[in-house]
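Structure first, commentary second.
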Amino acid sequence: MDMTRKIIFLLCLLAACGFVNAQKGLHIDAVFNDYGKQKGTVFIELEKDVLGHHTRISRYKSLTTPCDPEIIRVTLDAIRTDLKNGKILMESQKDGITETGYYHPAKKDDSEEEYILFSAKSKKMTLIYIRGAFPPSQLEKELYKLKDLFIKVNNKRIKL
Numbered sequence: 007m008d009m010t011r012k013i014i015f016l017l018c019l020l021a022a023c024g025f026v027n028a029q030k031g032l033h034i035d036a037v038f039n040d041y042g043k044q045k046g047t048v049f050i051e052l053e054k055d056v057l058g059h060h061t062r063i064s065r066y067k068s069l070t071t072p073c074d075p076e077i078i079r080v081t082l083d084a085i086r087t088d089l090k091n092g093k094i095l096m097e098s099q100k101d102g103i104t105e106t107g108y109y110h111p112a113k114k115d116d117s118e119e120e121y122i123l124f125s126a127k128s129k130k131m132t133l134i135y136i137r138g139a140f141p142p143s144q145l146e147k148e149l150y151k152l153k154d155l156f157i158k159v160n161n162k163r164i165k166l
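Here the sequence shown is numbered in this note's numbering, starting from 7 and rising by one per residue.
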């Protein structure tokens, strides 16, 4: 009987750890998951092994989709939720509507920094998530390093 209690306790503890771990993700992840496979969108996800050793970016996710007021609303709501206790590094608005923004969600622990970039211009919305071991002051420099990075997808060259 005592062994059964221990096993049940351990299973409950493991389930609780999994639930807490699931809460560490950002809300924009749902935007990538929900809209990343829709027709007309381009979704790119790269890890450190593809990005190479010339950048300190360890994860890059990008979603480009035709502008749709609903997608923009959902995306901006997710960004605002993720920004609680975080920082707006740069944001520009036109007629009270956010057109571009660089955001820095609050760190949850001693892990790498996270950044969210958003743009809704010229009939396209772009959402970018970046994780890496560099401070916000180095974000532009790290983005510049990606300028000439091309990847091949379905035998087509895509520039980031």
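Built from N, CA and C at the ideal position, the CB exists for glycine as well. Just so it is clear, the structure is predicted and the values come from calculations on it, not from any experiment.
{"Item": "Expressed to the nearest angstrom, what Euclidean distance is found between the alpha-carbon atoms of Tyr108 and Ile34?", "Value": "14 Å"}
{"Item": "Which two residues bound the contiguous beta strand (DSSP E) that contains Pro72?", "Value": "63-72"}
{"Item": "Can you name the start and end residues of the alpha helix (DSSP H) that Glu146 belongs to?", "Value": "145-151"}
{"Item": "If you draw a straight line from the C-alpha of Ser128 to the C-alpha of His59, how long is it?", "Value": "33 Å"}
{"Item": "When you compare the CB positions of Ile85 and Ile136, do they come within less than 8 Å of one another, or not?", "Value": "no"}
{"Item": "Assuming Ala126 is part of the beta strand (DSSP E), what are its boundary residues?", "Value": "119-127"}
{"Item": "Which first and last residues belong to the alpha helix (DSSP H) in which Thr87 is found?", "Value": "75-88"}
{"Item": "Rounded to a whole number of angstroms, what is the C-alpha to C-alpha distance between Lys30 and Ala112?", "Value": "The pLDDT assigned to Lys30 is 44, lower than 50, so where the model puts this residue is not dependable; a value taken from the coordinates is nonetheless given after this. The straight-line gap from Cα to Cα measures roughly 11 Å."}
{"Item": "Taking the continuous beta strand (DSSP E) assigned at Lys130, which residues delimit it?", "Value": "130-138"}
{"Item": "Is the beta carbon of Thr168 less than 8 Å from the beta carbon of Lys153?", "Value": "Absent from the model: residue 168. The displayed extent of the chain is 7 to 166, so no value can be given."}
{"Item": "Assign Gly138 to one of two classes, buried (16 or more other C-beta atoms within 10 Å of its C-beta) or exposed (fewer than that).", "Value": "buried"}
{"Item": "When the Cα of Ile134 is compared with those of Pro75, Cys73, Phe124, Pro72, which residue comes out closest?", "Value": "Phe124"}
{"Item": "Suppose you measure from the CA of Lys151 to the CA of Asn39; what does that come to, to the nearest Å?", "Value": "27 Å"}
{"Item": "Would you identify the three-state DSSP class for Leu52, choosing helix, strand or coil?", "Value": "strand"}
{"Item": "What three-state label does DSSP hand Glu57 in the structure shown?", "Value": "In the sequence under discussion, the amino acid at residue 57 is Leu, which differs from the Glu named in the question. DSSP places Leu57 in helix when its eight states are reduced to three."}
{"Item": "Measuring straight from C-alpha to C-alpha, what distance separates Leu82 and Glu146?", "Value": "22 Å"}
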